[in-house]
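If you count the sequence shown from 1, position 148 lands on 1397 in this note's numbering, and the numbers rise without skipping. All C-beta atoms, glycine included, are put in the ideal place defined by N, C-alpha and C. Quick caveat: nothing in here was measured; it's all calculated off a predicted structure.
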Amino acid sequence: MLRLVILVLAIHSVNAQIISPVDHLNGIGPSGIATDLKTSFFESPISMISYEKPTIETGYYMPYSQNHIGMYTAAITLPFEKFTIGSGVSRYGSEVMHSNQIIIQGAFNRKNFVFGSAIKLSQLYMKEAGSYHTFSIDLSGRFNISETSAFAASVKNFTQSTWNNSEETPSYSEYRLAFGHEISNKVTIHTALKSSSEDNLTAAIAMTSVLNDLFRIDLGSYINPASIFGGIHFEYQRIKINYNTQWIPRLPFHHGINLQVSIK
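Printed below as a string of structure tokens:
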């Protein structure tokens, strides 16, 4: 039972913090933290810095083509001159077992450095075990070493506590270290290392290509476990649509879609 709790918490901790709405489905994998490309509120706190206007967004994620355990997200982001704040909600799972989460996060930009933090309130419900509640904090930062290169790091669930639970809820943490380099004004490469309290160290590499003012495509791969991920992004005036997918050999595809609308 405890490992089941860990698994669901881990899935939601990762899934609820990223584009479309999960990090391995953002088209550029965990290295998305090392870019200022427009991704999503759910990528990481520092991703909000790329938002130029107040934005509302909503997303749907379907793991392994199983629509009965999909994930729904919604968020609003408010950018200011030197900092950005936002709030979002998400729900993952089915009626038998699901997780709800509220996120409040902020980020600020100081010359070549961006720092962000998120506060997450989560509820995990399992029909056989009742509800578990957690409070956790995420941290992320990016340092631009030049106009074309950046390092970034993030910690999910840097601190986590529980309340109103009959027993201690197992904790889950995730660590990412990423590097991004812009080869030209149309092509960027990204690489990242990712580790968690439940998984072995894994690596990812990805490439982003800006086709024109309307379209961007991403393509990448995980080393362990081996998988391929990618995304297609369409932006026109105030609307942006992101579609993302991931394929693991011998398993059905993951799918995700995210819609963003600027409200000014």
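6 Å Cβ shell around residue i - same chain, five flanking residues per side excluded
i: Gln1509; result: Thr1304, Glu1306 and Lys1489
i: Lys1302; result: Ser1511 and Lys1513
i: Met1346; result: Met1375
i: Ile1334; result: Leu1327 and Gly1355
i: Ile1481; result: Ile1466 and Tyr1492
i: Lys1287; result: Ser1299
i: Asp1387; result: Ala1367 and Lys1405
i: Arg1340; result: Tyr1321 and Asn1349
Residues near residue i in its chain [Cβ-Cβ closer than 8 Å; skip 5 each side]
i: Pro1498; result: Ala1475 and Ser1476
i: Ile1282; result: Glu1292, Ser1293, Ile1295, Ser1296, Ser1389, Arg1391, Ala1401, Ala1402, Ser1403, Arg1425, Ala1427 and Ala1441
i: Gly1469; result: Gly1276, Ile1277, Gly1278, Ser1280, His1439, Ala1453, Ile1454, Ala1455, Met1456, Ile1477, Phe1478 and Gly1479
Under 8 Å between C-beta atoms of residue i and residue j
i: Lys1435; j: Val1459; result: yes
i: Ile1325; j: Val1338; result: no
i: Glu1423; j: Ser1445; result: yes
i: Ser1380; j: Asn1406; result: no
i: Glu1484; j: Leu1463; result: yes
Close beta carbons around residue i, own chain, < 7 Å, minus the five adjacent residues each side
i: Ser1269; result: The predicted model places Ser1269 with a pLDDT of 30, which falls under 50 and marks its position as unreliable, so this point remains unresolved.
i: Phe1357; result: Lys1331, Phe1332 and Phe1364
First through last residue of the beta strand (DSSP E) which encompasses residue i
i: Phe1502; result: Here Phe1502 belongs to no beta strand (DSSP E), and DSSP marks it neither H nor E.
i: Tyr1421; result: That residue, Tyr1421, is in no beta strand (DSSP E); it is neither H nor E in DSSP.
i: Glu1306; result: Thr1304 to Met1311
i: Val1345; result: Val1345 -> no beta strand (DSSP E), and no H or E assigned at all.
i: Met1193; result: There is no way to answer for residue 1193, as the model of the chain reaches only from 1250 to 1513.
i: Asn1493; result: Ile1488 to Trp1496
i: Phe1483; result: Ser1476 to Tyr1485
i: Ile1466; result: Phe1464 to Tyr1471
Distance between beta carbons of residue j and residue i, contact taken as under 8 Å
i: Gln1354; j: Ser1371; result: Contact flag wrong, Cβ pair sits at about 14 Å.
i: Ala1399; j: Gly1429; result: 5 Å
i: Thr1284; j: Thr1408; result: Contact flag wrong, Cβ pair sits at about 26 Å.
i: Asn1393; j: Asn1361; result: 4 Å
Within-8 Å CB hit, residue i to chain B
i: Tyr1300; result: This model lacks chain B altogether, as it is built from one protein chain only.
DSSP beta-bridge partners of residue i
i: Asp1387; result: Ala1367
i: Ala1427; result: Ala1401 and Ala1441
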